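K.L.:
Quick one: the structure is below, questions incoming.
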């Protein structure tokens, strides 16, 4: 069936707008990758757009040889794995309890949990709590405060309520309790939502730099994102210093733009793990985002 001219104009407009939006979204990432493969001194000349002028892998070689970056990767990987596992495990257990009609006080617990989405204790009380609990300058400050995610709990709860009650009844007839039913019946059926929320939790843990900047003084416990933030701040400081001294401006500018190339290389390396993991979870992600969207 042929489209009316109004529909054709609208279709062209939509494709054009989405293409432009896609370009505006993708180009900054592409430009950062291009700069990361460009020689540092040449980068100071500017006007690097779609392809490196002086191709080099030296920036990546320097980044991967930096012991601080390597330690930061170890901390980030450990934090992401442990934090994601604990977040999904504890949140799923909480949500399973909230989905049971026989739980006494279920509405009270649910209301109390939802209130935390709108009100928080504030930074200073949280800082004092972390210090009094002995988690200051500790690896556990990365994972324990985030073990329960209310937003994920609501999605888990919606999914668990849609599981046919007959499956759980059959498990109980076979002698399973609540724990066995959760492990043997509920979890295997929850693959899409677990994969989706695991991806969200992993991204939060991997990209976070704020927690370490507040609660961590030990340089060996700094995640790679915090190190990247410190590098960006040092770049700004170098640019300000170079503006104060005309006699050293060329040297300072050369160092700054060389550092910029290294910073872009670090950004690419820190982004790569999530980029590699996402394609394997995409099919679960598409299913997971539809959880609770249809009601029978």
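Numbering (my numbering), first residue to last: 19 to 314. We put the beta carbon where it would ideally sit given N, CA and C, even for glycine. Bear in mind the structure is a predicted one, so any value in this text is a computation, not a measurement.
Between the alpha carbons of residue 100 and residue 69, how many angstroms are there, rounded?
P.N.:
Residue 100 and residue 69: Cα-Cα distance of roughly 38 Å.
K.L.:
Leaving out the 5 sequence neighbours to the left and right, which residues in its chain are closer than 6 Å to residue 263 when beta-carbon positions are compared?
P.N.:
Reliability of the predicted coordinates at residue 263 is poor, the pLDDT of 45 falling under 50, and the value obtained from them is presented with this limitation in mind. Answer for residue 263: no residue qualifies.
K.L.:
So, under 8 Å CB-CB, residue 162 and residue 153 are touching, yes? Tell me the CB distance rounded to an integer number of Å.
P.N.:
Correct: roughly 7 Å between the Cβ atoms.
K.L.:
Can you check which of these residues, 114, 95, 35, 111, is closest to residue 239 by C-alpha distance?
P.N.:
Looking at the Cα atoms, 95 is the closest of the given residues.
K.L.:
Could you tell me which residues DSSP puts in a beta bridge with residue 225?
P.N.:
Answer by DSSP bridge pairing: none, since residue 225 is not bridged.
K.L.:
How would you label residue 67, buried or exposed, when you count the other beta carbons within 10 angstroms and need 16 or more for buried?
P.N.:
Residue 67 should be labelled exposed.
K.L.:
Report, in whole angstroms, the separation of the C-beta atoms of residue 148 and residue 159, which I expect to be a contact under 8 Å.
P.N.:
Indeed, because the Cβ distance is near 6 Å, the residues count as touching under 8 Å.
K.L.:
Contact between the segment 276-292 and the segment 47-63 is defined here as three or more beta-carbon pairs at a separation below 8 Å; is this criterion met?
P.N.:
Yes, they touch.
K.L.:
Report the three-state DSSP secondary structure of residue 178 (helix, strand or coil).
P.N.:
Helix.
K.L.:
Out of curiosity, what's the CA-to-CA distance linking residue 211 and residue 175?
P.N.:
So the two alpha carbons sit approximately 11 Å from each other.
K.L.:
State buried or exposed for residue 79, treating a residue as buried only when at least 16 other CB atoms are found within 10 Å of its CB.
P.N.:
Under this definition residue 79 is an exposed residue.
K.L.:
Who are the Cβ neighbours of residue 168 in its own chain at under 7 Å, not counting the five residues just before and after it?
P.N.:
Correct list, in chain order: 131, 132, 134, 135.
K.L.:
By DSSP, does residue 236 sit in helix, in strand, or in coil?
P.N.:
In this structure, residue 236 counts as coil in the three-state DSSP scheme.
K.L.:
Excluding the 5 residues flanking residue 102 on each side, which residues of the same chain have their C-beta closer than 8 Å to its C-beta?
P.N.:
Excluding sequence neighbours, residue 102 sits near 216, 219, 220, 223.
K.L.:
Tell me whether the beta-carbon of residue 56 lies closer than 8 Å to the beta-carbon of residue 30.
P.N.:
Going by C-beta atoms, residue 56 is not nearer than 8 Å to residue 30.
K.L.:
Measuring alpha carbon to alpha carbon, tell me which of 92, 28, 33, 42 ends up nearest residue 245.
P.N.:
When only C-alpha atoms are compared, the closest one is 92.
K.L.:
Taking residue 49 as the reference, which of 65, 39, 251, 201 has the closest Cα?
P.N.:
When only C-alpha atoms are compared, the closest one is 65.
K.L.:
Mind checking if residue 32 is an interface residue toward chain D, Cβ cutoff 8 Å exclusive?
P.N.:
Given the protein chain composition of this structure (a single chain), no chain D is represented.
K.L.:
Assuming residue 47 is part of the alpha helix (DSSP H), what are its boundary residues?
P.N.:
Taken as a continuous stretch (DSSP letters only), the alpha helix (DSSP H) holding residue 47 covers 23-54.
K.L.:
By Cβ distance below 7 Å, which residues in the same chain neighbour residue 286 in space, the five residues on each side in sequence not counted?
P.N.:
50, 51, 54.
K.L.:
At the level of alpha carbons, what is the spacing between residue 120 and residue 129?
P.N.:
Whole-angstrom Cα-Cα distance: 17 Å.
K.L.:
Which complete alpha helix (DSSP H) runs does the segment 122-175 hold, if anything under 4 residues is left out?
P.N.:
124-136, 141-150, all fully within the segment 122-175.
K.L.:
Hey, would you say residue 201 sits closer than 8 Å to residue 145, going by beta carbons?
P.N.:
No. Outside cutoff.
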